[in-house]
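These notes are about the structure you will find just below.
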Amino acid sequence: MKNNPQIRLLLAITHDALVSAIAWISAFLLRFNFSLPPELSSLIWQTTPWVVLVQSLVFWRMALYRGVWRFASISDLKRILMATGLAGLIVAAGLLMLRLPSPVSRAVLVLDPILLILMMGGSRFAYRAWKEHHLIRFSQLQGEPVLVIGAGEAAIALVKELERSPQWRVVGLLDDKENLHGFQIHGVPVLGSLEVLNRAANAMLAKHVIIAMPSATHQARQRVMRACTEAELNVLTVPSFEDLMSGKVSISSIRKVEVEDLLGREPVQLDDAGLHALIEHRVAMVTGAGGSIGSELSRQIAKFQPSLLVLFEIGEFALYQLEQEFAQAFPSLRLACVVGDVKDRRRLDDVISHYLPVVVFHAAAYKHVPMMENGNAGEALRNNVLGTYCVAESCIVHGVEKFVLISTDKAVNPTNVMGTTKRLAEMVCQGLQGKGRTRFLMVRFGNVLGSSGSVIPKFREQIAKGGPVTVTHPEITRYFMSIPEAAQLVLQAGLMGQGGEIFVLDMGESIKIVELAREMIRLSGFTEDEIKITYSGLRPGEKLYEELLADDEHTLPTPHPKLRIAQARKVDEAWVKNVVDWIERGDLSEINVKKKLLEWVSEYQPALHQNVHLTAVPGAITIH
Numbered sequence: 009m010k011n012n013p014q015i016r017l018l019l020a021i022t023h024d025a026l027v028s029a030i031a032w033i034s035a036f037l038l039r040f041n042f043s044l045p046p047e048l049s050s051l052i053w054q055t056t057p058w059v060v061l062v063q064s065l066v067f068w069r070m071a072l073y074r075g076v077w078r079f080a081s082i083s084d085l086k087r088i089l090m091a092t093g094l095a096g097l098i099v100a101a102g103l104l105m106l107r108l109p110s111p112v113s114r115a116v117l118v119l120d121p122i123l124l125i126l127m128m129g130g131s132r133f134a135y136r137a138w139k140e141h142h143l144i145r146f147s148q149l150q151g152e153p154v155l156v157i158g159a160g161e162a163a164i165a166l167v168k169e170l171e172r173s174p175q176w177r178v179v180g181l182l183d184d185k186e187n188l189h190g191f192q193i194h195g196v197p198v199l200g201s202l203e204v205l206n207r208a209a210n211a212m213l214a215k216h217v218i219i220a221m222p223s224a225t226h227q228a229r230q231r232v233m234r235a236c237t238e239a240e241l242n243v244l245t246v247p248s249f250e251d252l253m254s255g256k257v258s259i260s261s262i263r264k265v266e267v268e269d270l271l272g273r274e275p276v277q278l279d280d281a282g283l284h285a286l287i288e289h290r291v292a293m294v295t296g297a298g299g300s301i302g303s304e305l306s307r308q309i310a311k312f313q314p315s316l317l318v319l320f321e322i323g324e325f326a327l328y329q330l331e332q333e334f335a336q337a338f339p340s341l342r343l344a345c346v347v348g349d350v351k352d353r354r355r356l357d358d359v360i361s362h363y364l365p366v367v368v369f370h371a372a373a374y375k376h377v378p379m380m381e382n383g384n385a386g387e388a389l390r391n392n393v394l395g396t397y398c399v400a401e402s403c404i405v406h407g408v409e410k411f412v413l414i415s416t417d418k419a420v421n422p423t424n425v426m427g428t429t430k431r432l433a434e435m436v437c438q439g440l441q442g443k444g445r446t447r448f449l450m451v452r453f454g455n456v457l458g459s460s461g462s463v464i465p466k467f468r469e470q471i472a473k474g475g476p477v478t479v480t481h482p483e484i485t486r487y488f489m490s491i492p493e494a495a496q497l498v499l500q501a502g503l504m505g506q507g508g509e510i511f512v513l514d515m516g517e518s519i520k521i522v523e524l525a526r527e528m529i530r531l532s533g534f535t536e537d538e539i540k541i542t543y544s545g546l547r548p549g550e551k552l553y554e555e556l557l558a559d560d561e562h563t564l565p566t567p568h569p570k571l572r573i574a575q576a577r578k579v580d581e582a583w584v585k586n587v588v589d590w591i592e593r594g595d596l597s598e599i600n601v602k603k604k605l606l607e608w609v610s611e612y613q614p615a616l617h618q619n620v621h622l623t624a625v626p627g628a629i630t631i632h
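Residue numbering for the sequence shown follows our numbering, starting at 9 and increasing by one per position.
Shown next, in the form of structure tokens:
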């Protein structure tokens, strides 16, 4: 019966009618100090039914009964204020028109609405407090004890939301602000700084910790995350500040900490005005648009509202998926989804002459090192070098303003076919600079988190299967950045470049892959005794350490703190033509390709890794 909405409505109306009568009578009693003459007693009994009826009708018309008492809020109080004020005016006007033998005191007419507000508002908020008290008591009995790191606005909001959660029971807050230590926030004690984490977790019997620091720097969050994982606590976190501000999620959308959180970096500051000038209301084109980098580049470009975005991709299904995604995420954006091969010059000419892009981002490439190393060297050369040349020549012929090549750190002192072909692609672009009005720019960066072939999804898969996690070598290191960060810096470099530059992205510190594996095992709730790490040996073409600059290169600063310009060996157009002619007409057998690569790229050192090469084990992870 108590869950029947009609019964609840009837009870609320009856309650307010009784409160109306009590407030009216109490107003008289207060006015006359609880000593009423007989004529006033008669006046009260004459007016009370009429006042209750008028006020009840006003309350109904003012929608006081649409709210749920359990969730009474400031908006409900505002409605009560307006309803009682209006009812007070109507009652006063009505009593004036009735011309009663004994007039009602003006003090009574003022006291009545005040008493109504106190009684009606008080009863609603008292009911809410009573219900929440029971919910909180229930959650305190049922919830899992959890510590919250942080005592700022996000932590306070989280504590308030978790008060009603049967899953969690917040037993303490930790924050480095010493002025908060020893105090309570919403009844939860601030136990101290991060240094007391172990002691606090043991004292409060907490096996879980929630990091509520969405606006903190990545360095600060990484320090906290590592302290929590080292304490062998189950680490959760609230959404990022950007997600909270966008309205995508609420503060209570708690999730597990991922390794990307540990590897995350500070957000890229973009020259929004400049990028709008480059892209907005203009045509942009992305080759290899269905790949990890190409698709993210397309998403970032879409935010700057081009008049048309041309997605050029050889894989039909990848292009279809991107088209479906953009239809949902950017419904007003004009898209041209073009199936084509970057080695097909005729197709490129048709597409570029038809759509006339002002900027082309060339992300199409073969990038998997071991696959390109044995049996596919000729195809790597054709796709990565000839494909780049074909797109570049078509851009020159049709007057494209800027051509941006997506390169890689593996192009620096390359030890594999893939890296060498990417270095050749850079040299092709440098050799073509100045041939037409097209300005050629190259952007070189390391591994991106979550890209196809990335080590992180493979580690997750191996951990889910119970291990072992296979790492190629105990000393192998790589640079990492997120896909959005890489794409944003590519856009920034494309804006800044004047032609012929190789931009090197600030990749931060290199990370030992074995340490990355250990972090992922810990974050998954396991120990190294439960999930073993095994070493399989470097695969063909792999280096222990990736480099962002070749030995004979030096860099120049740019206005952007995360971008520098590499000064590298340059070639001329005639050299480019000879290379392309050989690729189109020469013998592309494996041995011939590698011989030619040695001639063309003096930095190529195919045997560099042999000193540390171990016998490969099936299932080994290749770091891309």
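Here a beta-carbon is modelled for each residue, glycine too, at the ideal position from N, C-alpha and C.
- Selection 27, 214, 317, 496 evaluated against residue 122 yields 27 as nearest (Cα-Cα).
- Looking only at 473, 519, 466, 415, the smallest Cα-Cα distance to residue 495 is reached by 415.
- DSSP places residue 598 inside the alpha helix (DSSP H), whose first and last residues are 598-608.
- Taking a C-beta distance under 7 Å as the contact criterion, residue 308 and residue 170 do not qualify as a contact pair.
- The alpha carbon of residue 203 has as its nearest neighbour, out of 178, 233, 32, 372, the alpha carbon of 233.
- Burial is judged here by how many other beta carbons sit within 10 angstroms of a residue's own beta carbon; residue 306 has at least 16 and is buried.
- For residue 193, the closest of 162, 213, 215 by C-alpha to C-alpha distance is 162.
- Here residue 429 carries a helix assignment [DSSP, helix/strand/coil].
- Each residue's CA atom was taken as its position, placing residue 201 and residue 222 some 18 Å apart.
- Only residues of its own chain outside the window of five on either side were considered, and among them 125 have a CB closer than 7 Å to the CB of residue 89, listed in chain order.
- Remark: C-beta atoms of residue 439 and residue 583 approach each other more closely than 7 Å.
- Distance from the CA of residue 70 to the CA of residue 175, rounded to the nearest whole angstrom, comes to 38 Å.
- At a Cβ-Cβ threshold of 7 Å, residue 159 and residue 183 count as neighbours.
- Rounded to the nearest angstrom, the gap between the Cα atoms of residue 371 and residue 543 is 32 Å.
- In this chain, the alpha helix (DSSP H) harbouring residue 378 covers 377-381.
- By a beta-carbon distance limit of 8 Å, residue 388 contacts residue 425. Their separation comes to about 5 Å.
- When the Cα atoms are used, residue 33 and residue 59 turn out to be separated by approximately 11 Å.
- Here residue 337 is exposed: its Cβ has fewer than 16 other Cβ atoms, across all protein chains shown, within 10 Å.
- In this structure, residue 297 keeps its C-beta atom at 7 Å or more from the C-beta atom of residue 324.
- Partner residues in the beta bridge of residue 415, as assigned by DSSP, are 452.
- The criterion of a C-beta distance shorter than 7 Å is not satisfied by residue 385 and residue 581.
- Short of 8 Å from the beta carbon of residue 392, and not among the five residues preceding or following it, lie these beta carbons of its own chain, in chain order: 373, 374, 426, 429, 430, 432, 433.
- Going by beta carbons, residue 103 and residue 112 fall inside the 7 Å limit.
- The region 329-344 makes no contact with the region 405-420, as fewer than three CB pairs between them are under 8 Å.
- In the structure shown, the three-state DSSP call for residue 408 is coil.
- With contacts defined as CB atoms closer than 7 Å, residue 116 and residue 35 qualify as a contacting pair.
- Here residue 178 is near residue 156, since their CB atoms are less than 7 Å apart.
- Inter-residue distance for residue 51 and residue 63 is about 18 Å (C-alpha atoms, whole angstroms).
- Between residue 316 and residue 291, the beta carbon gap of about 5 Å places them in contact (Cβ cut-off 8 Å).
- Cβ neighbours of residue 505 within its own chain (closer than 6 Å, five residues either side excluded): 449.
- Separation of residue 213 and residue 197 (C-alpha to C-alpha, rounded to the nearest whole angstrom) is 15 Å.
- For residue 242, the enclosing beta strand (DSSP E) begins and ends at 242-245.
- In the DSSP assignment, residue 293 falls within the beta strand (DSSP E) that extends over 291-295.
- Ranked by Cα distance from residue 23, the first of 45, 68, 53, 44 is 68.
- The C-beta distance from residue 318 to residue 359 rounds to 7 Å, short enough to meet the 8 Å contact threshold.
- Setting aside the 5 residues that flank it on each side, residue 578 is surrounded in the same chain by 435, 438, 439, 508, each with a C-beta closer than 8 Å to its C-beta; the list follows chain order.
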